[in-house]
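Shown next, in structure tokens, is the structure this report addresses.
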Amino acid sequence: MWLRDEILKSIWHAFTALDVDQRGKVSKSQLKVLSHSLCTVMKIPHDPVALEEHFKDDDKGPLSNQGYMPYLNRFILDKVQEEFDVLEFNKMCWTLCYKKNISTKHLLISDDDAFKVWCIFNFLSEDKYPLVMITEEIECFLRKLMEAMGSGWSEEKFCDYKLQLHSKNNRLSAWELIELLGLGHFTKGMTRQTLSMGIGEVFQELILDVLKQGYMMKKGHKRKNWTERWFVLRPNSLSYYVCEDLAEKKGDIILDPTCCVESLPDKEGKKCMFIIKCTDKSFEISASDKKKKQEWLQVHPYLPLVAAIQTCLQLLRLGLPSPHREARLRRRELRQRQQTEEDDLAERMKHLQAANENKQRQLEGLRKKMEEAAATAAEEEHTRKQTQLDLQDRYRLELKREQMVRQQMEEQVAQKSSELEQYLLRVRELEDMYRRLEEALEDEKQAKQDEEAMHKLQASLLEEEAAKRAELERFHRQQQRALSQTEAEKQELVAEQRLKERELQAAMLQLEKLERERLGALEQYQEVSMKLERAANKTKTWKDKVAKHEGLVHLIQPGHKGPQRITNWGPASFTDVELELRKKSWQERKNQGAPAQ
């Protein structure tokens, strides 16, 4: 039985050896040779046309490993239908790659031993490309090798080597592993034969799946005679050969979950017997002594408390691979869990470190703020003390100044007291003058009221005069209209005209009376104006007297005392120009009325 992952590792070595320029690409002709060799060893027909068809769109140059892998899986590995010799397959790949990577002339191991180490490397290496073997698998291999050679394991020496291995990222390539064993770093004092035997034993266990081997007697099925054979125990078979060189195989005991192993009592002169019962046959076997029998039936190191042959049967019943493959799988799973835990731990540490840095920044910020606050507080305290000292000095100066001011104020108060007495005397004088001024203002106010009454009387007379004049004009117009009528009405109109003339004369008399009243009102207006002028002169005299005492008291002063124009519409209702225009218009109407009479 072959596993695709392990086969691909050997093919990877062959592909890498063909990559002379180390560019990750191989020419198409070389891949044809490699593909033909693989098909020959794996017992499948080679189809050269398939390679050309697969790479027909890639004619630019060499082909990469990524391009070759799909062809390899589809046209070679997927077509394998029968078992082929995996050892021969590995030797073919080894032949293609080892001469270009290492020379065994200066090493303690032969080419055959180097090939076995190369196969062991492929088995124990990680399933990642490029292939490397990590420290844990190196230690497992070296422990098995030391145990196979009968030498003790030196933990101190391996710890020293791990320090050297740290410079290589704790991993080795296949050729570095071969060189490590060939230089005898861990096998000092061992002969070439002992080293070769140890490598062969580890190779048989890991690569050939040999769990146990040795000479025992087997009873024949036909002749019933006992013959010594070399037995080799694998996970699913117990093979027996003529001798230990495995050149001539005599048969296989196929193990399956229905088989069982039982110990037999001594008989027919044979001792240390046991029987393997299979579905169709039973095989009686006799060990040379009890020790050999116990070695075959002893507790296996991979599965504690289970005998060697029973170990195989138990694995078959559970559907598990061979013990060393199961151990390799457990180691890988453990490493994956450890890697996952390390990644999780690294992630947590990263988060914790970030949180710690954040806390450190916060603490640094708080420290700076505290330092700034302390510096600010110290500065404020210094400022407060300095301010307090300045205030004390200022208060002291102000106290002295206030004392001086108080003395000055006392002196001024004494001076002001005398001035106040004089001021009160002057105030009394001013109050007396104020009363006299108020009396003069009352007289002026009464004169203004009389003047306004005269203005109103004059205005009413003017209005009556204007009404009479309008009525006379209306009569005149009516008379003119009457004269223009027919001659027959002339006499009547003459009589009526005479009547109208008499009425007009009466109106003229009344108008003359109104004129005399107007002249009387004008004389009264002139008299009131003279009184108002005398009152204004009197007020001006008092104002001059008050002006001499200005600054002690502000008296209530009357309005503007200039001459104001008085009309029947009120004081200052018109400007001088407007009043002259109205007088001129009235005079013209009056002159027009006189001829009409």
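Residue numbers for the sequence shown follow this note's numbering, beginning at 6 and rising by one.
All C-beta atoms in this analysis are idealised placements derived from N, C-alpha and C, irrespective of residue type, glycine included.
Asked	Found
With contact counted as at least three CB pairs below 8 Å, one residue from each stretch, are the region 40-59 and the region 92-105 in contact?	yes
Identify the continuous beta strand (DSSP E) that holds C265 and give its terminal residues.	C265 to L269
Pull up the distance between the alpha-carbon of H226 and that of R234, whole angstroms please.	14 Å
What residues are listed by DSSP as bridge partners for M138?	L177
What residue does the beta strand (DSSP E) around T232 start on, and which one ends it?	W231 to R239
Would you decide whether V410 is buried or exposed? Buried here means 16 or more other CB atoms lie within 10 Å of its CB.	exposed
For M47, which residues from the same chain have a beta carbon less than 6 Å from its beta carbon, with the 5 sequence-adjacent residues on both sides left out?	V85 and F89
Output the distance between the C-alpha atoms of T388 and L402, rounded to the nearest integer angstrom.	21 Å
Which same chain residues, not among the five before or five after L113, have their C-beta less than 8 Å away from its C-beta?	L186, G187, L188, G189, T192, R197 and L200
Helix, strand or coil: how does DSSP classify E273 here?	coil
For the region 207-217 and the region 139-155, state whether three or more C-beta atom pairs, one from each stretch, are separated by less than 8 Å.	yes
Do the region 243-258 and the region 155-166 meet, that is, are 3 or more Cβ pairs less than 8 Å apart?	no
Which word fits N127, buried or exposed, when buried means at least 16 other C-beta atoms lie within 10 angstroms of its C-beta?	buried
To the nearest angstrom, how far is the alpha carbon of D116 from that of L357?	53 Å
Measuring only the C-alpha atoms, how far is R433 from E538?	30 Å
On the CB-based measure, 16 or more other CB atoms within 10 Å of its CB, does Q510 come out buried or exposed?	exposed
By Cβ distance below 7 Å, which residues in the same chain neighbour Q315 in space, the five residues on each side in sequence not counted?	V266
Start and end of the alpha helix (DSSP H) containing E346?	P328 to L488
Output the boundary residues of the beta strand (DSSP E) element that contains E160.	Here E160 belongs to no beta strand (DSSP E); instead the alpha helix (DSSP H) covers E160 to L170.
Spatial neighbours of F480 within its chain, please: CB distance less than 8 Å, with the 5 preceding and 5 following residues excluded, ordered by chain position.	K505, E508 and L509
Mind reading off the beta-carbon distance from K536 to A452? Whole number of angstroms is fine, and I expect it under 8 Å.	5 Å
Could you give the DSSP three-state label for V85: helix, strand or coil?	coil
Measure the alpha-carbon distance for L182 versus M202 and round it to whole angstroms.	17 Å
Tell me the rounded alpha-carbon separation between T263 and I280.	14 Å
Could you pull the DSSP bridge partners for I258 from this structure?	L243
Grab the span of the alpha helix (DSSP H) containing S130 for me, first residue to last.	S130 -> no alpha helix (DSSP H), and no H or E assigned at all.
Quick test of the definition: if touching needs 3 or more C-beta pairs under 8 Å, does the region 429-445 touch the region 543-552?	yes
Based on Cα-Cα distance, which residue from V38, R406, F20 and A526 lies nearest to S465?	A526
Under a Cβ-count criterion, where at least 16 other Cβ atoms within 10 Å of its own Cβ denotes burial, should K104 be classed as buried or exposed?	exposed
Assuming C102 contacts T21 under a Cβ cut-off of 8 Å, what Cβ separation, rounded to an integer in Å, is found between them?	7 Å
If you drop the 5 nearest sequence neighbours on each side, which residues of the same chain put their C-beta closer than 6 Å to that of K298?	C277 and A292
For R79, tell me which candidate among E58, Q218, L238 and R337 has the shortest Cα-Cα distance.	E58
So if DSSP puts S291 in a beta bridge, which residue, or which two residues, is it bridged to?	M222 and M278
Of the choices S108, K33, G157 and S178, whose alpha-carbon is the least far from that of K14?	S178
I'd like to confirm the pairing. Which residues does DSSP put opposite K217 in its beta bridges?	L238
Using 7 Å as the threshold, is the C-beta distance between L320 and P240 below it?	yes
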